[in-house]
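Here is the structure we will look at, set down as structure tokens.
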Amino acid sequence: MRSLVISGFMATGKTTVAPRVAARLGLAFVDTDEVLTHEAGCSVAELWTRHGEAHFRHRELALVERLLGDGVPRVLAFGGGTVTLRRARHLALDRAVLVTLTASPETIAGRVPDVAARPNLAIGDPVQRARELLEARANAYAECHIALSTDALDPDGVADGIVAAFERNALCVPLGARTYTIDVVLDAPARLTDAVACAAPSSVVIVSDATVQRARGEALEKALAPLAIQGMRVTLPAGERHKTIASVSTIWDAALGAGVDRDAVLLAFGGGVVGDLAGFAASALLRGVRVIQVPTTLLAMVDASVGGKTGFDHPTGKNLLGAFHQPAAVVVDLSHLSTLPARELRSGLAEVVKIALAVDAPLLEELEANAEHLAAGKLEALLPIVRHAIEAKIRVVRDDEREHGRRALLNLGHTVGHALEAHGGYTKYLHGEAVALGTVAELRLMAAMGFGDAALVGRARELLRRMGLPTDAPAAEIAASWAFVGRDKKRAGAAIRMPMVTAPGEAMVQSVPLRQLEQAVRATG
Ligand code: GLY
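In case it helps, the numbering used here puts the sequence shown at residues 218 to 742.
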């Protein structure tokens, strides 16, 4: 069970609401400012005056690490500035449900009876100072599971909202103003209903493909029925072959033809192709409208729907055109996997293996302990794995949204994989199958060039084999697909940036000369 952290600027109602919530949840309540003043034997104001803000924040972080690190679930009320510490914020997001209470500068100044006792507010006009601090901290406060206004302070109403967020137990992708939540559930259509209701769109454009529409269309209708939304449907032809500018245009034509405005939401209901196309269409439509990702394949659940990569293919290679456009929300309901063909489900597992090998050793062990159950599509076994894989991806994306560094680790298997996929005309392999082949090939190539952990080649190969995935692409086929590697978007001049796995769950990005890589392909053939 996670803890619950209630955060927010001073005088937003934390100390009024938090004890009520703790009583309702039957959890202990801790106010971090109270603990700090008790331990220091003086008030927060005195601590600031004597030692300065940096010292105070240092003590605050140590306390947060202690309270969120001992595995005991509690309700914590943070100090007003605690979440300005990136590490404290990330700990709260990883180990707790983080709620931000908000209020206007006027409300805040009106609620503070003794401004002198609040060192950070007692600088000039309190309303103006509150406004400045709120602006300076806006991105930090936005990184939360839910923000609730307390301007019209109704402590019970706010407590209801907090308890609901705690029970919902969503994941959060913290990206400042682009922060969003991800629900990971099994057969809970109300989560999608709530996500759309929360977005309060002026209209909804549902982008799907013919296969998904046939298999899961009814489930979508059920989730949207309570909203009485006149959603417009755009049903694209299914398959990677249709991940083209023509499909993007189909979405734009339908949306603009219907006269949508900037408050419209595109709802991407499908696998990775639909998600990427709808996400890209949303990124440019009227210079950007919101997209809600509702993935229906395992691959899209653990990878494509999270992190904001969108785009389409070009005849010279895969995903060569696109944009980063973070979704407004992601709703992952594993019930959609119940109708997914077994081959597609196994294909999605390749992306989970990739994430585990590159950044999460415990996930790798979980996969090894459950490989056959997962490959058989047991939804109860898949649920914690999907959540774990998404958590691992979030940790990467939050540190490197635009792939200037660490995010490139998630491209493991994708350099060779994309080339094989493109060379096969996008019909020979499913994306995940190409990634499985690419992962083994890249681990082997890196080991042959003296980078990386040679023992991992066999381990990865065995895990992928147990999951029913292909593992060994003939070297001649890799060599024949080489032209596509040269056109890969990760190429920089005569080299390409590739992940090098140094130990299970640990990797670094290595710039490898293309010529050296090609020689290794021929030598390992
Ligand atoms: N699919 C890899 C990434 O999102 O970075």
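C-beta: ideal position from N, C-alpha, C; glycine also.
Judged by beta-carbon spacing, residue 613 lies within the 8 Å limit of residue 576, meaning their Cβ atoms are closer than that value.
Distances from the CB of residue 705 to the heavy atoms of the ligand GLY are all 7 Å or more.
Cβ contact annotation for residue 735 (same chain, cutoff 7 Å, sequence separation greater than five): 699, in chain order. Here residue 531 carries a strand assignment [DSSP, helix/strand/coil]. Linking residue 583 to residue 682 through their CA atoms gives a straight-line distance of about 16 Å. Residue state for residue 260 is assigned as coil, using DSSP reduced to three classes.
Linking residue 411 to residue 230 through their CA atoms gives a straight-line distance of about 25 Å.
At a cut-off of 7 Å, the beta-carbon of residue 620 counts as near the ligand GLY: some heavy atom of the ligand is closer than that. Sixteen is the threshold: when 16 or more other Cβ atoms of the shown chains lie within 10 Å of the Cβ of residue 424, as they do, the residue is buried. The C-alpha of residue 407 lies about 27 Å from the C-alpha of residue 235. Only exposed fits residue 415, as fewer than 16 other CB atoms lie within 10 angstroms of its CB.
Per DSSP, reduced to three states, the secondary structure at residue 616 is helical. With contact defined as three or more Cβ pairs closer than 8 Å, the stretch 285-294 and the stretch 362-370 are not in contact. Within the DSSP bridge table, the entry for residue 423 names 450 and 484 as partners. Distance from residue 399 to residue 316 at the Cβ level is roughly 17 Å; contact not present, criterion being Cβ atoms closer than 8 Å. Distances from the CB of residue 647 to the heavy atoms of the ligand GLY are all 7 Å or more. Counting only the Cα atoms, residue 702 lies some 7 Å from residue 633. Counting every other CB atom within 10 Å of its CB across the protein chains shown gives residue 624 a total of 16 or more, marking it as buried. According to DSSP, residue 390 shares a beta bridge with 397. Under the three-state reduction of DSSP output, residue 724 falls in the strand class. Nearest to residue 726 by alpha-carbon distance, out of 630, 737, 480 and 638, is 630.
Excluding the 5 residues flanking it on each side, residue 484 has same chain C-beta neighbours closer than 8 Å at 413, 421, 422, 423, 424, 448, 495, 508, 509 and 511, in chain order. With at least 16 other beta carbons inside 10 angstroms of its own, residue 489 counts as buried. With a 10 Å radius around the Cβ and a threshold of 16 neighbouring Cβ atoms, residue 297 comes out buried.
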